[in-house]
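Remarks on the structure that follows.
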Amino acid sequence: MGYPHKSHPQETPVLSKHFGDPAARTLEGWKARGGYTALAQALTMAPTAIQDVVKASGLRGRGGAGFPTGLKWSFMKLDDGKPHYLCCNADESEPGTFKDREIMRWTPHALIEGVAIGAYAIGAETAFIYIRGEFTEPIRVMEAALAEARAAGVIGPNAMGSGKRIDIWVHKGAGAYICGEETALMNSIEGKRGNPRIKPPFPAVSGLFGQPTTINNVETLTAVPHILNNGAEWYKGMCLSSPKSTGSKLFSVCGNVAKPGNYEVVLGFPFKEFLYDVCGGPPAGRKFKAIIPGGSSVPVITIEEAEQVRMDYEGFLEVGTMLGSGGVIIFDDAQSMPRQLARLARFYAHESCAQCTQCREGTAWMTRILERIVAGQGSFEDLDTIFDLSESMTGKTICVLSDSCAAPVVSGIKRFRGEFEALITGRRSSTVAVGV
Amino acid sequence: MVSLTIEGRAVSVPEGTTILEAAKAAGVLVPHYCYHPGLPVAGVCRMCLVEVEKLPKLAPSCATAVGEGQVVHVYSEKALEARKGVLELLLINHPLDCPICDQAGECELQDYTFQEGRADSRYREPKRFNPVEDFGGDVLYVTNRCILCTRCVRFMDDVHEAPVLCVSERGDRAVISKAAEADLTQPWAANVIDLCPVGALVSKDFLNKARAWELDRTASVCPGCSQGCNAVLETRDNVVMRMKPRPNDEVNHFYLCDVGRLDYHWMNRPDRIESPKIRLADVLSPVDWEIALGQAAEALRGRRAYVVASPHLSNEALFLLKRIVTTTGGEGAFRCATGPEAALLGVEDLALRADRAPNVRGAELLGFTRRDTDLLAGLKPGDALVVAGDLMDGADVRRAADAAAVIVVGSTLPVGLPTPVAVLPIANVAEEEGTFTNLRGRVQRFLQAKAAPGLARPSWYALADLATAAGAPSDDCSLPSRAFAALAAAEPAFAGMSYDALGLRGATVAGTGVAR
Chain U
1 MGYPHKSHPQ ETPVLSKHFG DPAARTLEGW KARGGYTALA QALTMAPTAI QDVVKASGLR
61 GRGGAGFPTG LKWSFMKLDD GKPHYLCCNA DESEPGTFKD REIMRWTPHA LIEGVAIGAY
121 AIGAETAFIY IRGEFTEPIR VMEAALAEAR AAGVIGPNAM GSGKRIDIWV HKGAGAYICG
181 EETALMNSIE GKRGNPRIKP PFPAVSGLFG QPTTINNVET LTAVPHILNN GAEWYKGMCL
241 SSPKSTGSKL FSVCGNVAKP GNYEVVLGFP FKEFLYDVCG GPPAGRKFKA IIPGGSSVPV
301 ITIEEAEQVR MDYEGFLEVG TMLGSGGVII FDDAQSMPRQ LARLARFYAH ESCAQCTQCR
361 EGTAWMTRIL ERIVAGQGSF EDLDTIFDLS ESMTGKTICV LSDSCAAPVV SGIKRFRGEF
421 EALITGRRSS TVAVGV
Chain F
437 MVSLTIEGRA VSVPEGTTIL EAAKAAGVLV PHYCYHPGLP VAGVCRMCLV EVEKLPKLAP
497 SCATAVGEGQ VVHVYSEKAL EARKGVLELL LINHPLDCPI CDQAGECELQ DYTFQEGRAD
557 SRYREPKRFN PVEDFGGDVL YVTNRCILCT RCVRFMDDVH EAPVLCVSER GDRAVISKAA
617 EADLTQPWAA NVIDLCPVGA LVSKDFLNKA RAWELDRTAS VCPGCSQGCN AVLETRDNVV
677 MRMKPRPNDE VNHFYLCDVG RLDYHWMNRP DRIESPKIRL ADVLSPVDWE IALGQAAEAL
737 RGRRAYVVAS PHLSNEALFL LKRIVTTTGG EGAFRCATGP EAALLGVEDL ALRADRAPNV
797 RGAELLGFTR RDTDLLAGLK PGDALVVAGD LMDGADVRRA ADAAAVIVVG STLPVGLPTP
857 VAVLPIANVA EEEGTFTNLR GRVQRFLQAK AAPGLARPSW YALADLATAA GAPSDDCSLP
917 SRAFAALAAA EPAFAGMSYD ALGLRGATVA GTGVAR
């Protein structure tokens, strides 16, 4: 179901099947919908066997990086005698992304089941669900569902009577975008300032509290019970294009579009059809102009490029952008790209953790240049400076926040240079139509 | 061991060494700001990026371990370009107030910009502004100059273990903040000033006093306590302007406590004895050295010398005083002021010590008896009392009246004593060479940083003459190194040591059983 809209026939609702159904929120309701069968089965399997099934399914991380989940799990040394931790990344602060929110709002037990299986599969007895602090409703729903699951013995010291301990705790974020970066997230859980850590050491070696840790996105973990229930082959079969992109994926659609919302399609789905059919096309009287397909951190593409794309990890790469988190931000022909990109850059400048020089100073400088251009005070030299600056900001810092600021801006200038030049030469104001 | 090539130089270093440290070993300095060998790695300034062949991205050399066969380029076009970018970004909000900045001349932001930065700036926007903040203690935070390297935060967190500093705010609004109600009055807090690679943390004591390039720097040892922290005395026109730590991994690593670093002003005190004096009709009159020495020797003749020596005197001076004691069948005593001990928790065996003098151990090794409360208890009627060195303040000297004669060898005149028969002016620690023995038995040299006033002579020089005049065996003590050689030849604890072998890092006396 493409909540809040009625399910579109082209959608493949797996994760979103029960969105909008309040009865699915309770333990009883969830069990009635087939819940916790996968966990019961998982607890009888060897952790490595679960890893193998997930590996075979081709499931890749849904948080943005697209790293193969089973492979990530296999990095955890099961017999090292150390406590292991699973962190579920529910920080979902990437602008344009709101799929995890709906999973937690409507199907909290689906996530709990996924987290429990994930924890067991990596030899962890404790898992943390790190939820963005602004998500007050999802936090309430998750806390209630966890209390229910604990009371029923689904999780806890003897999860589902298996003798295995699986504790799951909610940890609330305090409003920093950067805490969605996995190492900053761990620092935040530890009570420290949410600064990304230098890698190596990687979390699987030294993560939360210095112990081996795996961090998975909400959507990734929620897909796991379905894979165990239906088999790796079934999941692998959900594939419309590249065999490296399997399964269904939630896309959060926002911006200038007739029907914004969450839509679940099989990877490889044609983007054109998705935009014009599933999402209902542009608002009346407008035309699509540009799209950021994977959350604000990925390069912006033109509608012409978007119409050629298949919606999977490889497809988006081919046109120079990324699938990312699946947050589709749509701009129509009434929008000023310089203005939109200046707003995006300002977000990153605000959220930079201030550790690395290039990010702390670069995001702010880039924002100031863009805002000056938008104000009609720019020069052609400024565009060169931005390109040069983006070189400094890309691939040179601890995490990718500064890369994420540079990517949409640089791609935006390259594709919509005319709009920037118009502002610089004073031919046209950028403040057209709706504001920021 | 791991072998690699850095800037074409082959080097082998232990496994786990960072590229930055390996480069140092190869004689290549990788520019850096946040990295400091005494602090945990932060990897945030991104200045030390180097190109490592076969790695997809530039590597932060402070946080990247060496790999077998790696080929590292510090000055490749890519690495230079990256560092140029960092430098430009560090300067966009920097006030560039170098003309009024105390750090100018010893500023790594200046140095690296000079070395490989841009000549111009492309920054056209207004600069961020934040007011100067008094961090308490000796520390002033000039926020606008800060490059957020976090060395100060990490020092307070991990070395001082007094976590009162943090980074607050985000993005380019970020600043270093001090915990509410906390001041940087912790006993070692002022080290953040030295650690700061730019002019963001400056000393109030040194504020606007001198330009860094006007200062002459002399290796010394902090005379503040028995720890013997290695120090640098910085002088201008014969005046000590400040004292800073000099790294020595065996003693003080990179640090100097606040008590020590701020206790140098007395080295400049103007009320010094500038000329030898003798007592004439109960009044001290200036004379030349030969007459004063003769008068002192006369006073010692046939008498037992009761020598009260300051633990601020060098080993050499104490050794020569011991000769006077031995020759006259006398006795030597000393007292030492004490104060609360303050350890630097993150460093093993480093503290501001209770004994607030640099050579207590030396005095003990050379046979002087510690008498903190009754300094003159051993003085017998008819003794010649020799008061050597300063810091008699607070000592009970009433019994000095029992002495047949008083001889003063010092840089200032002690109060409360009967008029001495002879006064021999000597240099203070900043004005002469010598060695101290710290509480762990480490013998360390200090060098002359400024000239002594008037006719004052180095203590080893004056005391060698006095000892000879008093009939003690006379070695060649015509140079400080020869005075030390005489000491090493005569005293088993110092056997085998030489000035040259001590170098500027020192060595440990025999039989201490302590490695450091």
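Residue numbers (the numbering used here), protein chains in the order written: chain U, 1 to 436; chain F, 437 to 952.
Positions of the beta carbon are idealized from the N, C-alpha and C atoms, including for glycine.
Q358 of chain U (DSSP reduced to helix, strand or coil) = Position 358 of the first sequence, counted from the start, is the residue given in the question as residue 358 of chain U. DSSP places Q358 of chain U in helix when its eight states are reduced to three.
Q546 of chain F: first and last residue of the uninterrupted alpha helix (DSSP H) it sits in | As a position in the second sequence, residue 546 of chain F is number 110, starting the count at 1. Start and end: 544-552.
Identify each residue in the stretch 341-369 of chain U for which the Cβ-Cβ distance to at least one residue of chain F is less than 8 Å, and report them in chain order.
-> So the close ones are A349, H350, E351, S352, C353, A354, Q355, C356, T357, Q358, R360, E361, G362, T363, A364, W365, R368, I369.
Completely contained alpha helix (DSSP H) runs for the stretch 693-769 of chain F, where each covers 4 or more residues = Positions of the alpha helix (DSSP H) runs, each at least 4 residues long and wholly inside the stretch 693-769 of chain F, are given as 694-698, 725-736, 751-764 in order along the chain.
Cβ-based neighbour list, C356 of chain U, same chain, cut-off 6 Å, excluding 5 preceding and 5 following = Locating residue 356 of chain U in the first sequence gives position 356, counting from the first residue. Correct list, in chain order: T397, I398.
Measure the C-alpha to C-alpha separation of V432 of chain U and I424 of chain U and round it to an integer number of angstroms.
-> Walking along the first sequence from the start, residue 432 of chain U turns up at place 432. Walking along the first sequence from the start, residue 424 of chain U turns up at place 424. Annotation note: pLDDT 48 at V432 of chain U (below 50); position unreliable, coordinate value reported separately. About 16 Å.
For L940 of chain F and V723 of chain F, the rounded distance between their alpha carbons = On the second sequence, residue 723 of chain F is found 287 positions in, with the first residue counted as 1. On the second sequence, residue 940 of chain F is found 504 positions in, with the first residue counted as 1. Cα-Cα distance, rounded: 37 Å.
Mark G463 of chain F as exposed unless 16 or more other C-beta atoms lie within 10 angstroms of its C-beta, in which case mark it buried.
-> For this step, residue 463 of chain F is matched to residue 27 along the second sequence. With fewer than 16 other Cβ atoms within 10 Å, it is exposed.
Consult DSSP for R878 of chain F and reduce its assignment to one of helix, strand or coil.
-> As a first step, residue 878 of chain F must be located in the second sequence, where it is residue number 442. Residue state for R878 of chain F is assigned as strand, using DSSP reduced to three classes.
Excluding the five sequence neighbours on either side, which residues of its own chain have a C-beta within less than 8 Å of the C-beta of M160 of chain U, listed in chain order?
-> Translated into the one-based positions of the first sequence, residue 160 of chain U becomes position 160. Only residues of its own chain outside the window of five on either side were considered, and among them Y36, L39, A40, L43, G153, V154 have a CB closer than 8 Å to the CB of M160 of chain U, listed in chain order.
Own chain partners of G435 of chain U with C-beta closer than 8 Å, once the 5 adjacent residues on each side are dropped = Residue 435 of chain U sits at position 435 when you count from the first residue of the first sequence. With a pLDDT of only 37 at G435 of chain U, under the threshold of 50, the placement of this residue in the model should not be trusted; the figure read from the coordinates follows. Result list for G435 of chain U: empty, nothing under 8 Å.
Determine, using beta carbons only, whether V265 of chain U and F251 of chain U come nearer to each other than 8 Å.
-> Here residue 265 of chain U is taken as the residue at index 265 of the first sequence, counted from 1. Here residue 251 of chain U is taken as the residue at index 251 of the first sequence, counted from 1. Yes, Cβ-Cβ distance for V265 of chain U and F251 of chain U is below 8 Å.
Is T183 of chain U close to chain F, meaning its C-beta is less than 8 Å from at least one C-beta of that chain?
-> As a position in the first sequence, residue 183 of chain U is number 183, starting the count at 1. Output row for T183 of chain U: interface = no.
Residues in the stretch 194-205 of chain U with C-beta within 7 Å of chain F's C-beta atoms, listed in sequence order?
-> Those would be I198, in chain order.
Short CB-CB distance (under 8 Å) between G635 of chain F and chain U | Locating residue 635 of chain F in the second sequence gives position 199, counting from the first residue. Not an interface residue.
Would you mind giving the Cβ-Cβ distance between F420 of chain U and I373 of chain U, rounded to the nearest angstrom? I have them listed as a contact below 8 Å.
-> Counting from one through the first sequence, the residue named residue 420 of chain U turns up at place 420. Counting from one through the first sequence, the residue named residue 373 of chain U turns up at place 373. For a cut-off of 8 Å, the C-beta gap from F420 of chain U to I373 of chain U is around 6 Å, short enough to register as a contact.
Looking at the structure shown, is L620 of chain F part of a helix, part of a strand, or coil, going by DSSP?
-> Taking the second sequence and counting its residues from 1, one reaches residue 620 of chain F at position 184. Residue state for L620 of chain F is assigned as coil, using DSSP reduced to three classes.
Cβ neighbours of L494 of chain F in the same chain (closer than 7 Å, five flanking residues each side left out) = For this step, residue 494 of chain F is matched to residue 58 along the second sequence. Contacts found: L485, V486, E487, K514, A515, A518.
Through-space distance from P562 of chain F to Y691 of chain F, alpha-carbon basis | Within the second sequence, residue 691 of chain F is the residue found at index 255, counting from 1. Within the second sequence, residue 562 of chain F is the residue found at index 126, counting from 1. If I take the Cα positions, the gap works out to 38 Å.
For D641 of chain F, which option in F:I455, F:D538, F:A885 has the closest C-alpha, if you only look at C-alpha atoms?
-> Position 205 of the second sequence holds residue 641 of chain F. With distances taken between Cα atoms, D641 of chain F lies closest to F:D538.
Please determine, among U:R417, U:P260, U:H350, the residue with the shortest C-alpha to C-alpha distance to H5 of chain U.
-> Translated into the one-based positions of the first sequence, residue 5 of chain U becomes position 5. Ranking the options by Cα distance to H5 of chain U, first place goes to U:P260.
C-alpha distance - S391 of chain F paired with A885 of chain F, whole-angstrom precision | Outside the modelled stretch of chain F, which goes from 437 to 952, sits residue 391 of chain F, for which no answer is possible.
Give a yes or no on whether 8 Å exceeds the smallest Cβ distance from I398 of chain U to chain F.
-> On the first sequence, residue 398 of chain U is found 398 positions in, with the first residue counted as 1. By this cut-off, I398 of chain U is an interface position.
How about A866 of chain F and L669 of chain F: are their beta carbons less than 8 Å apart?
-> Here residue 866 of chain F refers to the residue found at position 430 when the second sequence is read from its first residue. Here residue 669 of chain F refers to the residue found at position 233 when the second sequence is read from its first residue. With contacts defined by Cβ atoms closer than 8 Å, A866 of chain F and L669 of chain F form a contacting pair.
K172 of chain U - DSSP class collapsed to helix/strand/coil | Residue 172 of chain U sits at position 172 when you count from the first residue of the first sequence. Strand at K172 of chain U.
Around the C-beta of T671 of chain F, are 16 or more other C-beta atoms found within 10 angstroms, so that it is buried, or is it exposed?
-> Counting from one through the second sequence, the residue named residue 671 of chain F turns up at place 235. Buried is the call here.
Where the alpha helix (DSSP H) containing E307 of chain U begins and where it ends = For this step, residue 307 of chain U is matched to residue 307 along the first sequence. Segment 303-307, the alpha helix (DSSP H) holding E307 of chain U.
Cutoff 8 Å; reference T855 of chain F; Cβ partners in own chain excluding five residues on either side = The residue you call residue 855 of chain F lines up with position 419 of the second sequence. Excluding sequence neighbours, T855 of chain F sits near R715, D718, V719, L720, V842.
T367 of chain U: buried (16+ other C-beta within 10 angstroms of its C-beta) or exposed?
-> If you number the first sequence from 1, residue 367 of chain U lands on position 367. Buried, by the Cβ-count rule.
Have a look at A926 of chain F and M592 of chain F and give me their C-alpha separation to the nearest angstrom.
-> Within the second sequence, the letter at position 490 stands for residue 926 of chain F. Within the second sequence, the letter at position 156 stands for residue 592 of chain F. So the alpha carbons of these two residues sit roughly 45 Å apart.
For A951 of chain F, name the three-state secondary structure that DSSP assigns.
-> As a working note, residue 951 of chain F is residue 515 in the second sequence. Reliability fails at A951 of chain F, whose pLDDT of 44 lies under 50, so the model's placement of it is uncertain and no value is given.
Which residues in the same chain as T904 of chain F place their Cβ atom closer than 7 Å to its Cβ, once the five residues preceding and following it in sequence are excluded?
-> Locating residue 904 of chain F in the second sequence gives position 468, where the first residue counts as 1. Closer than 7 Å at Cβ, skipping near neighbours: S910.
Quick one: does S297 of chain U have its CB under 8 Å from some CB of chain F?
-> Reading the first sequence from its first residue, position 297 is the one you call residue 297 of chain U. Not one chain F Cβ lies under 8 Å of S297 of chain U.
Can P681 of chain F and H748 of chain F be called in contact, C-beta distance under 8 Å?
-> Taking the first residue of the second sequence as 1, we reach residue 681 of chain F at position 245. Taking the first residue of the second sequence as 1, we reach residue 748 of chain F at position 312. Their beta carbons are not under 8 Å apart, which means P681 of chain F does not touch H748 of chain F by this criterion.
The beta strand (DSSP E) with C254 of chain U in it runs from where to where?
-> Taking the first sequence and counting its residues from 1, the one referred to as residue 254 of chain U is at position 254. Unbroken beta strand (DSSP E) run through C254 of chain U: 248-255.
Residue-level contact to chain F via CB, T97 of chain U, 8 Å cutoff = Taking the first residue of the first sequence as 1, we reach residue 97 of chain U at position 97. Closer than 8 Å: no.
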